[in-house]
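Okay, structure first, notes after.
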Amino acid sequence: MSVRNPLVRVKRIDDGKGKKDFFQQHWDGQRWVPGVPEAMRSRIPIYRYTEVQTAIANGEPIFWVEGESCADALWELGLAATTSIGGSSGYRRYGSYAHDLKGAMLVLCPDMDTQGLKYAEQVAADFGIDAWVYPFPESVTWDALPTKQGLDIADWIAAGATVDDIMKAIGSKRAPISLHVPDCAASEIDFEAVKQQLLRLIGEEPTDSQRLIEQVKLAKQYPEIGAFIKPFHQALEKESEVATATCEAARDLDPLKAIREQPLDIEAGLYGDEGRLAYLIRQVAEAMPTAPEFLVTTLIPVLGSRIGTKSRLIISKTAKYSAVSIFRTLIVAKTGHKKTPAQMAILSVLEKLEEIYYSTYQLHLEDYHQELSQWEAIPRSERADEPKPTPPIRKRYMSTDDTLAARAQIHAENPTGFLLYRDEASAFITERGRFTTGRGDGGETEADLSEFNGKSLSRDRKQEGSIFLPHTAINRTGAIQFSKLQQLMGAHTDDCGEFARYLFCAADAPPSYIDLTKDVGDSGLDRLLIDLIERLDELPEQDYELSAQAKAAFAQYQHELTDRAISTDHPAMEAAYPKFETYFARFILWIHIVNGMLARRLPDAIVSGQTVERARLWTEYFVGQFQLILAMNSPQQGLTGDLLKVYQYLQRKQKPLTLRQIVQARIFDRARDKTKTKTPYISGLLNTLVEKGWLVMQQGSFAVAGVANCSTVE
3 MSVRNPLVRV KRIDDGKGKK DFFQQHWDGQ RWVPGVPEAM RSRIPIYRYT
53 EVQTAIANGE PIFWVEGESC ADALWELGLA ATTSIGGSSG YRRYGSYAHD
103 LKGAMLVLCP DMDTQGLKYA EQVAADFGID AWVYPFPESV TWDALPTKQG
153 LDIADWIAAG ATVDDIMKAI GSKRAPISLH VPDCAASEID FEAVKQQLLR
203 LIGEEPTDSQ RLIEQVKLAK QYPEIGAFIK PFHQALEKES EVATATCEAA
253 RDLDPLKAIR EQPLDIEAGL YGDEGRLAYL IRQVAEAMPT APEFLVTTLI
303 PVLGSRIGTK SRLIISKTAK YSAVSIFRTL IVAKTGHKKT PAQMAILSVL
353 EKLEEIYYST YQLHLEDYHQ ELSQWEAIPR SERADEPKPT PPIRKRYMST
403 DDTLAARAQI HAENPTGFLL YRDEASAFIT ERGRFTTGRG DGGETEADLS
453 EFNGKSLSRD RKQEGSIFLP HTAINRTGAI QFSKLQQLMG AHTDDCGEFA
503 RYLFCAADAP PSYIDLTKDV GDSGLDRLLI DLIERLDELP EQDYELSAQA
553 KAAFAQYQHE LTDRAISTDH PAMEAAYPKF ETYFARFILW IHIVNGMLAR
603 RLPDAIVSGQ TVERARLWTE YFVGQFQLIL AMNSPQQGLT GDLLKVYQYL
653 QRKQKPLTLR QIVQARIFDR ARDKTKTKTP YISGLLNTLV EKGWLVMQQG
703 SFAVAGVANC STVE
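Numbering-wise (the working numbering), the sequence shown opens with residue 3 and increments by one.
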């Protein structure tokens, strides 16, 4: 097969520890496409077809091996070799190779496992071959073959086999080989000694060649189990990796547990009315019941949208470093944790204001149409002194239409800003460009990222005309489930900083047991919020500056966040820390203005150091929440997240459960990773949590430490 006319290729991926994955691709005329269509299979020639034809013409023997790497190893020694595509299990699926090998003197080289031997016997039957080479011909492994992952001709070459060794080993097929595992107990093999030698080798972190050499040495030292040395080594390596990873994950558990158990200090950020608003938020959350942090997470962008473009915090005039009131928040929780009710406890206020001002807009619209009709009735020659009536503008607080065109139009009519809300927050990402034609998303992704910084927004359309806003302040909020967020975040590298621009709240919500004895009627939260929003709407334009004490406090925490960004190994956290610095500055502005309004006074032009400290507390809470999200969802912290998921499941159940019950609970998504649903994996997690003291085990059941009575009935 000429390289100028490619047909198929096989990609091999090694994990460096013996595991290999193979992927077939075919050439469609323009690019490599995964898989090989049925109609193409019969056209696939033997491996290294052109070189094999030359070797046949020269009368050289052709060694038939299993796998391209084995064929390549023989070619490097100067021996002609070939194989079929698809491995031992795919031989019959790709037609006959009789034409490709016409006139060839074939020699079979089976792998040292039962699958490899059966493959070789199929080839031998098809081509009438009676010339065989058995790798490591003196090994007793041939009398007790493993099912798979046995050594092969490439391993023999790597262990020192020469061309002369291989040619001398050519002979007839051996007598039928026993495929049973020997009775190792009768041989009195010291398995513990074998294990310790392999563990020592693992600890030395050898190269691939060193690993292979040691495996061969052990196989010779223990010939009765020679064929099992390699798979035994691989199993120990895997167990060692899991043990190391679990140990490292367990070390990360304590700080994450502290994050989960540390609530947001609501009163630190809402104090201007002597804690009245904070109290009402807690009261409403308790009545639902849900986490009060869910309400605050919604409140932040709601009030941020009313501050909008009117206010800036000047951090450094020289560096032209300033902050504006733009927040994007997402509540992350499972179904049933009152995500939507918590948000609507705050957003219902905006809905009421939307209703009020829509009615007002309709009245003004009627007046406009009446005035327009009267103006149009005036003869053109007499209109010079009568300006044409202008249509009314609808005052907006919130929109669920997040298309770029809608955002631009609403913002043009409401220059201070507004709030975007989506109950299913994934729509912020998944529904971009849904009304655009052709390729791309109509520039919505770029606009989303630009709006985060409050940059200018322009829109040019033939029918609607041009829109240009020098500054923007579009705040966002919504809710999402862990599983959906995990899908959206993918590998959690966050290369473009999409998710770093959101403040996530994954606070623990209490069980949804409603207590009607706590129903005290209207709490007054709506009235307080409407009053606060109306006062924010009257806020004059103002730039605020940091006091000398505030500048020192700001720089100290900014340096800390920068140090964390440098030291972290997690790509998503590396992308997030600079955004947390941005939110730190925005929280300073938000807390300063909101609490001034709660105290019913205009905020001072100079921000105090105490306000900076309060903003640091709130920023640090959301840093922790993002770390928690990554621990629960990201592949980089898979084991840590799995430990947390098991712990949270038992914490939620509040009763002892057996291993079997926990396995059957389907804590993990089987479609994503089947190994996580298996008993050994979950058992390992449970034992780690017991060792950490987070769980206790009594009478075969597991429970969160402190939960009494560990007896259970299945």
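All C-beta atoms in this analysis are idealised placements derived from N, C-alpha and C, irrespective of residue type, glycine included.
The beta strand (DSSP E) enclosing residue i, as first and last residue numbers
{"i": "residue 109", "result": "107-110"}
{"i": "residue 477", "result": "476-482"}
{"i": "residue 324", "result": "323-325"}
{"i": "residue 704", "result": "703-706"}
{"i": "residue 699", "result": "697-700"}
{"i": "residue 425", "result": "420-426"}
{"i": "residue 506", "result": "505-507"}
{"i": "residue 546", "result": "544-548"}
{"i": "residue 331", "result": "330-334"}
Cβ shell of residue i (< 7 Å), same chain only, five flanking positions each side left out
{"i": "residue 310", "result": "327, 418, 419, 475"}
{"i": "residue 391", "result": "370, 373, 374, 377"}
{"i": "residue 366", "result": "394"}
{"i": "residue 486", "result": "428"}
Closer than 7 Å: residue i CB and nearest the ligand NAP heavy atom
{"i": "residue 592", "result": "With respect to small molecules bound, the structure shown includes none, and the ligand NAP cannot be examined in it."}
Where the alpha helix (DSSP H) through residue i begins and ends
{"i": "residue 202", "result": "193-205"}
{"i": "residue 57", "result": "51-59"}
{"i": "residue 2", "result": "Summary: the structure shown does not reach residue 2, with the chain confined to residues 3 through 716, and so no result is reported for it."}
{"i": "residue 211", "result": "210-223"}
{"i": "residue 375", "result": "341-379"}
{"i": "residue 268", "result": "268-271"}
{"i": "residue 142", "result": "Note, residue 142: premise wrong, no alpha helix (DSSP H); not H, not E."}
{"i": "residue 454", "result": "446-454"}
{"i": "residue 413", "result": "406-415"}
{"i": "residue 398", "result": "Taken as a continuous stretch (DSSP letters only), residue 398 belongs to no alpha helix (DSSP H), as it is neither H nor E."}
{"i": "residue 134", "result": "Careful: residue 134 lies outside any alpha helix (DSSP H) and carries neither H nor E."}
{"i": "residue 670", "result": "No alpha helix (DSSP H) contains residue 670, which DSSP labels as neither H nor E."}
{"i": "residue 122", "result": "116-129"}
{"i": "residue 528", "result": "527-539"}
Pairwise C-alpha distance: residue j and residue i
{"i": "residue 325", "j": "residue 522", "result": "40 Å"}
{"i": "residue 130", "j": "residue 230", "result": "31 Å"}
{"i": "residue 698", "j": "residue 262", "result": "20 Å"}
{"i": "residue 616", "j": "residue 470", "result": "36 Å"}
{"i": "residue 707", "j": "residue 690", "result": "13 Å"}
{"i": "residue 605", "j": "residue 677", "result": "57 Å"}
{"i": "residue 787", "j": "residue 572", "result": "Since the first residue shown for the chain is 3 and the last is 716, residue 787 is missing from the structure and cannot be characterised."}
{"i": "residue 337", "j": "residue 483", "result": "7 Å"}
{"i": "residue 284", "j": "residue 197", "result": "58 Å"}
{"i": "residue 98", "j": "residue 128", "result": "9 Å"}
{"i": "residue 650", "j": "residue 661", "result": "15 Å"}
{"i": "residue 657", "j": "residue 259", "result": "20 Å"}
{"i": "residue 501", "j": "residue 446", "result": "16 Å"}
{"i": "residue 162", "j": "residue 75", "result": "12 Å"}
{"i": "residue 213", "j": "residue 234", "result": "13 Å"}
Chain-order list of residues whose beta-carbon lies under 6 Å from that of residue i (same chain, five-residue window excluded)
{"i": "residue 560", "result": "583"}
{"i": "residue 535", "result": "308"}
{"i": "residue 404", "result": "422"}
{"i": "residue 596", "result": "305"}
Rounded distance between the beta-carbons of residue j and residue i, thought under 8 Å
{"i": "residue 304", "j": "residue 631", "result": "Between residue 631 and residue 304 the Cβ distance is about 22 Å, and since that is not below 8 Å, they are no contact."}
{"i": "residue 566", "j": "residue 579", "result": "5 Å"}
{"i": "residue 329", "j": "residue 348", "result": "About 13 Å; that fails the 8 Å criterion."}
{"i": "residue 313", "j": "residue 546", "result": "7 Å"}
{"i": "residue 108", "j": "residue 66", "result": "5 Å"}
{"i": "residue 396", "j": "residue 360", "result": "7 Å"}
{"i": "residue 449", "j": "residue 499", "result": "Rounded, the Cβ-Cβ distance is 15 Å, inconsistent with contact."}
{"i": "residue 548", "j": "residue 317", "result": "7 Å"}
{"i": "residue 216", "j": "residue 507", "result": "About 52 Å; that fails the 8 Å criterion."}
DSSP beta-bridge partners of residue i
{"i": "residue 66", "result": "84, 110"}
{"i": "residue 629", "result": "Its beta-bridge partners do not exist; DSSP assigns none."}
{"i": "residue 621", "result": "Beta-bridge pairing links residue 621 to no other residue."}
{"i": "residue 316", "result": "324, 547"}
{"i": "residue 461", "result": "469"}
{"i": "residue 608", "result": "547"}
{"i": "residue 660", "result": "703"}
{"i": "residue 173", "result": "134"}
Spatial neighbours of residue i in its chain, beta-carbon cut-off 8 Å, leaving aside the 5 residues before and after
{"i": "residue 282", "result": "525, 526, 527, 530"}
{"i": "residue 201", "result": "238, 242"}
{"i": "residue 356", "result": "398, 399, 400"}
8 Å Cβ cutoff, residue i in contact with chain D
{"i": "residue 676", "result": "This model lacks chain D altogether, as it is built from one protein chain only."}
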